[in-house]
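In the numbering used here, the protein residues as written are 519 to 645. Notes for the one structure printed next.
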Amino acid sequence: MERHTDHAFIIDIATRYLDEQSEPAQGRFVFAYTIQIRNSGKVPARLLSRRWLITDANDKVQEVEGDGVVGEQPRLRPGEGFEYTSGAVLETDLGTMEGSYTMVADDGTRFEVPIPAFTLTVPRTLH
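Set out below in structure tokens:
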């Protein structure tokens, strides 16, 4: 049995700019992101914690760590998914996020699931 197929997850990310909550003149740009995490492995696992690196266009980096996601620590059986929406506030109209989830399989094995980098950006309007 190959280990890497026991613990496998697929992550899909969608982002949007929240114009109504942002105040560009004050350097406040608010973004929402929706993440779907799906267990594509062979064993159930629980999402214990998350770690984010959030970088704005001025290269200011915020590190965010915490238990679970949106107050939950979902346990995902093979084939199951969990979707949640959260947000980030930047001082610039462009930034990136990347990170990882710490998971624990039912057999007690802890492992990291990388969250690929994604872009937060204000949509450009054409005049």
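Glycine included, C-beta positions come from ideal geometry on N, C-alpha and C. Quantities reported herein were computed from a predicted structural model and do not represent experimental measurements.
To which residues of the same chain is residue i closer than 6 Å at the C-beta, ignoring the five residues directly before and after it?
i, result
"D524", "G559, K560 and V561"
"A548", "Note that residue 548 is Val in the sequence shown, not Ala. For V548, where only same-chain residues beyond five positions count, the Cβ hits under 6 Å are L536, Q539, S540 and V607."
"I572", "Q580, A606 and M615"
"L612", "A575 and T639"
"D625", "none"
Which first and last residues belong to the beta strand (DSSP E) in which residue i is found?
i, result
"N557", "F547 to N557"
"V582", "V579 to D585"
"A543", "Looking at the DSSP string, A543 is not in any beta strand (DSSP E), and its letter there is neither H nor E."
"A526", "Counting along the chain, A526 falls outside any beta strand (DSSP E), and DSSP gives it neither H nor E."
"V631", "R628 to T639"
"A623", "L612 to A623"
Beta-carbon within less than 8 Å of residue i's beta-carbon, same chain only, minus the 5 sequence neighbours each way: which residues are those?
i, result
"P641", "Y535"
Using a 10 Å radius around the Cβ and a threshold of 16 neighbouring Cβ atoms, would you call residue i buried or exposed?
i, result
"A563", "buried"
"P632", "exposed"
"N576", "exposed"
In the DSSP assignment, what residue or residues form a beta bridge with residue i?
i, result
"A532", "T552"
Report all residues from its chain with a CB closer than 7 Å to the CB of residue i; omit the five preceding and five following residues, and keep chain order.
i, result
"R595", "N557 and P562"
"G584", "S567 and R568"
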